[in-house]
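K.L.:
One structure follows; several queries about it will come next.
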Ligand SMILES: Cc1cc2nc3c(=O)[nH]c(=O)nc-3n(C[C@H](O)[C@H](O)[C@H](O)COP(=O)(O)OP(=O)(O)OC[C@H]3O[C@@H](n4cnc5c(N)ncnc54)[C@H](O)[C@@H]3O)c2cc1C
Ligand SMILES: NC(=O)c1ccc[n+]([C@@H]2O[C@H](COP(=O)([O-])OP(=O)(O)OC[C@H]3O[C@@H](n4cnc5c(N)ncnc54)[C@H](OP(=O)(O)O)[C@@H]3O)[C@@H](O)[C@H]2O)c1
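Residue numbers (this note's numbering): 6 to 462.
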């Protein structure tokens with residue numbers, strides 16, 4: 006009698022960012038349950054925010070892609086790029102083709118300020134600007150008028166630092182990075198002199214990490230500016246600075262900026278604290294400035310402080326504003342969604358029925374920003390993805406479902422979807438590196454889907 010072996014568990018992962026790759030590595034790295042992994046992405050390129058979020062001048066951080074390439078080399082792994090779930094293939098179709106589905110779609114939108122004038126031309130989200138300068142194909146045709154002299158960035162997280170730094174750097178500093186060619190051209194013409202970074206709370210509550218703020222003291226042609234009185238700490242803030250190394254170092258770094266002066270053509274990067282925008286001002290539909298209110302900090306009783314408006318208003322002139330107050334997840338058709346927090350409701354990665362009462366299938370999982378919300382560095386997604394992968398495998402072992410019989414390749418082929426494989430991506434990667442070398446740059450990103458597909462032939 007011949008021995009029959011069970012077919013491998015067919016797993017689809019949706020979203021080829023860090024969470025998707027870490028989950029794939031975890032699933033393929035165990036031997037108790039034989040698996041195959043198909044990793045989908047809406048874009049023809051893998052790596053999510055490592056390619057389209059991480060700042061172009063922070064090249065070292067992107068070397069994590071080498072780890073992801075090792076996962077992609079596993080014969081049980083396939084990359085199916087250029088496939089949008091919800092458009093090219095539905096949730097139900099995925100469930101008919103795969104035994105288990107893990108969503109790692111990240112946070113595709115952003116939070117609003119909720120103030121008057123937010124829709125003015127010149128008011129943007131950091132999300133759009135970041136995607137534009139990183140060559141995201143859906144944002145390559147955006148235009149940002151950099152002919153104004155002052156720009157305001159709202160929020161003091163690391164994304165705000167990235168945006169401020171890219172605006173502050175000279176074309177020479179940016180030339181040696183993989184910033185999109187269209188962005189480099191536009192930034193060459195920039196007439197921005199003043200960059201205001203507005204924090205609604207104090208320096209001890211800033212979310213940026215220390216190397217990121219320190220960089221502002223080391224720029225080629227931009228100088229950080231602070232107001233000494235804004236760096237004085239109330240009792241709670243002092244306790245936070247004493248208890249947390251990063252906070253303490255941030256205060257030290259900001260204080261080291263006191264008295265720095267800009268000379269000649271140097272740009273000024275102003276770190277301003279305890280200020281909230283209350284209205285964006287405009288003329289003929291275009292942003293001309295921001296009305297800001299001075300805040301006071303009040304202890305909230307749990308070791309932190311809240312910002313309260315003092316009624317003291319002033320105005321800042323600015324032709325551009327980027328709100329950098331957090332990314333936000335968006336719903337996927339058919340799946341439960343927690344609209345308040347912008348996440349898919351889950352318990353340890355298992356999708357649960359949310360308040361909107363859309364039923365969970367019992368075969369679907371989440372990891373990364375769509376599971377936890379939009380915070381955490383690349384590495385934070387690893388334990389998060391491992392937890393979800395382990396939940397998936399435990400469920401598959403405990404409650405084996407009838408094997409999925411649908412054929413995803415036939416389905417996509419029938420719809421005329423040009424699936425981009427990992428081998429295709431390697432060819433695109435080589436083409437970008439080759440174009441970069443010819444221009445004396447590390448890489449020139451192909452910034453449209455049509456250019457990518459044309460290059461593949
Ligand atoms: C601007 C910015 C800069 C950052 N810089 C750093 C840094 O320097 N260092 C650091 O450690 N961390 C950094 N981070 C954080 C880091 O990028 C995130 O922690 C991480 O990318 C989150 O991983 P994820 O896989 O959940 O989401 P993502 O990286 O966003 O990946 C989600 C993927 O899902 C795909 N997708 C979405 N919807 C669909 C769909 N319907 N069908 C198919 N595919 C879909 C997307 O195309 C994307 O590729 C940065 C974040 C931002 C926003
Ligand atoms: N170099 C890196 O390692 C790097 C680079 C980029 C991003 N990342 C990571 O990616 C994640 C996301 O970064 P992020 O910068 O988008 O988010 P973030 O770290 O959560 O920062 C958001 C900022 O927006 C402020 N904010 C929120 N709502 C506001 C409002 N209505 N008005 C004014 N300010 C408001 C917050 O202030 P409050 O604190 O007062 O709420 C905070 O300063 C973070 O974990 C970050 O570390 C890392």
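Think of the CB as a built atom: it goes at the ideal place given N, C-alpha and C, for glycine as much as any other residue. Quick caveat: nothing in here was measured; it's all calculated off a predicted structure.
Report yes if the C-beta of residue 386 is less than 6 angstroms from at least one heavy atom of ligand 1; otherwise report no.
P.N.:
Yes, the beta carbon of residue 386 sits closer than 6 angstroms to at least one heavy atom of ligand 1.
K.L.:
I'd like to check one pair, residue 131 with residue 168: are the Cβ atoms closer than 7 angstroms?
P.N.:
In this structure, residue 131 lies closer than 7 angstroms to residue 168 by Cβ.
K.L.:
Taking 6 angstroms as the limit between beta carbons, can you name the residues of its chain near residue 291, skipping five residues before and five after?
P.N.:
126 and 127, listed in sequence order.
K.L.:
Apply the 10 Å Cβ neighbour rule to residue 3 and answer buried if 16 or more other Cβ atoms are within range, or exposed otherwise.
P.N.:
This structure cannot speak to residue 3, because the chain is shown only from 6 to 462.
K.L.:
How many whole angstroms separate the CB atoms of residue 398 and residue 35, which I take to be in contact at a CB cut-off of 8 angstroms?
P.N.:
Between residue 35 and residue 398 the Cβ distance is about 7 angstroms, and since that is below 8 angstroms, they are a contact.
K.L.:
State the DSSP-derived secondary structure class of residue 71, mapped to helix, strand or coil.
P.N.:
Three-state result, residue 71: helix.
K.L.:
For ligand 1, is there a heavy atom less than 6 angstroms away from the beta-carbon of residue 23?
P.N.:
Yes - ligand 1 has a heavy atom lying nearer than 6 angstroms to the Cβ of residue 23.
K.L.:
Going by Cα to Cα distance, which pick from 353, 271, 354 and 335 is closest to residue 345?
P.N.:
Ranking 353, 271, 354 and 335 by Cα distance to residue 345 puts 335 first.
K.L.:
Return the chain-ordered list of same chain residues with a C-beta closer than 6 angstroms to the C-beta of residue 339, the five sequence neighbours on each side being excluded.
P.N.:
Result list for residue 339: 96, in chain order.
K.L.:
Once the 5 residues before and after residue 6 are set aside, which same chain residues still bring their CB inside 8 angstroms of it?
P.N.:
Because the pLDDT of residue 6 is 44, which lies under 50, any placement of that residue in the model is unreliable, and the question is left without a value.
K.L.:
Any idea which residues DSSP pairs residue 370 with across the strands?
P.N.:
Partner(s): 107 and 355.
K.L.:
Relative to the alpha-carbon of residue 53, which residue among 146, 26 and 78 has its alpha-carbon at the smallest distance?
P.N.:
When only C-alpha atoms are compared, the closest one is 26.
K.L.:
How many angstroms separate the CA atom of residue 221 from the CA atom of residue 390?
P.N.:
If I take the Cα positions, the gap works out to 34 angstroms.
K.L.:
Write down the C-beta distance between residue 175 and residue 225 rounded to the nearest angstrom, noting that I regard them as a contact closer than 8 angstroms.
P.N.:
Right, their Cβ atoms sit about 5 angstroms apart.
K.L.:
Excluding sequence positions up to five away, which residues of its chain have a Cβ less than 6 angstroms from the Cβ of residue 208?
P.N.:
If we look at residue 208 and ignore the five residues flanking it on each side, its Cβ neighbours are 236, 256, 259 and 278.
K.L.:
With DSSP as the reference, label residue 470 as helix, strand or coil.
P.N.:
A question about residue 470 goes unanswered here, because the residues of the chain that appear run from 6 up to 462.
K.L.:
Under DSSP, the beta strand (DSSP E) around residue 12 begins and ends at which residues?
P.N.:
Residue 12 -> no beta strand (DSSP E), and no H or E assigned at all.
K.L.:
Which same chain residues, not among the five before or five after residue 298, have their C-beta less than 6 angstroms away from its C-beta?
P.N.:
Counting only Cβ-Cβ distances below 6 angstroms, and skipping sequence neighbours, we find 281, 283, 314 and 318.
K.L.:
Ligand 1 and residue 2: does the residue's C-beta get closer than 6 angstroms to at least one heavy atom of that ligand?
P.N.:
Residue 2 lies beyond the stretch modelled for the chain, which goes from 6 to 462, so this question has no answer here.
K.L.:
Less than 6 angstroms separating the Cβ of residue 137 from some heavy atom of ligand 1?
P.N.:
Result no, Cβ not under 6 angstroms from ligand 1.
K.L.:
From residue 264 to residue 173, what does the alpha carbon distance come to, in whole angstroms?
P.N.:
Computed Cα separation, rounded: 19 angstroms.
K.L.:
Put residue 114 into one of helix, strand or coil per three-state DSSP.
P.N.:
Of the three classes helix, strand and coil, the one that applies to residue 114 here is strand, per DSSP.
K.L.:
So the alpha helix (DSSP H) residue 82 belongs to, where does it begin and stop?
P.N.:
From DSSP, residue 82 is part of no alpha helix (DSSP H) but of the beta strand (DSSP E) over 82 to 86.
K.L.:
Between 196, 118, 199 and 135, which lies nearest to residue 160 when the distance is taken from Cα to Cα?
P.N.:
It is 118 whose Cα lies nearest to the Cα of residue 160.
K.L.:
Within its chain, find whatever has a CB closer than 7 angstroms to the CB of residue 57; leave out the 5 residues flanking it on each side and keep chain order.
P.N.:
If we look at residue 57 and ignore the five residues flanking it on each side, its Cβ neighbours are 136, 139 and 141.
K.L.:
Could you give the DSSP three-state label for residue 229: helix, strand or coil?
P.N.:
In the structure shown, residue 229 sits in a strand (DSSP, three-state: E or B).
K.L.:
Work out the CA separation of residue 351 and residue 31 for me, nearest whole Å.
P.N.:
Rounded to whole angstroms, residue 31 to residue 351 spans 19 angstroms at the Cα level.
K.L.:
Are the beta-carbon atoms of residue 47 and residue 89 separated by less than 7 angstroms?
P.N.:
Going by C-beta atoms, residue 47 is nearer than 7 angstroms to residue 89.
K.L.:
If you measure between the beta carbons of residue 17 and residue 99, is that distance less than 7 angstroms?
P.N.:
The answer is yes: Cβ separation under 7 angstroms.
K.L.:
For residue 207, which residues does DSSP report across the bridge?
P.N.:
The partner list for residue 207 (beta bridge, DSSP) is empty, contrary to what the question assumes.
K.L.:
Which value, in whole angstroms, describes the spacing of the CA atoms of residue 432 and residue 444?
P.N.:
Computed Cα separation, rounded: 19 angstroms.
K.L.:
Do residue 321 and residue 294 count as a contact pair if the criterion is CB distance below 7 angstroms?
P.N.:
Contact flag set, yes.
K.L.:
What separation, rounded to the nearest whole angstrom, lies between the Cα atoms of residue 170 and residue 229?
P.N.:
So the two alpha carbons sit approximately 11 angstroms from each other.
K.L.:
Here's the rule I'm using: 16 or more other beta-carbon atoms within 10 Å means buried, otherwise exposed. How should residue 308 be labelled?
P.N.:
Per the 10 Å Cβ criterion, exposed.
K.L.:
Note the first and the last residue of the continuous alpha helix (DSSP H) segment covering residue 460.
P.N.:
Where residue 460 is concerned, the enclosing alpha helix (DSSP H) stretches over 454 to 461.
K.L.:
Would a C-beta distance cut-off of 7 angstroms place residue 215 and residue 251 closer than the cut-off?
P.N.:
It is a contact, given that the beta carbons lie within the stated cut-off.
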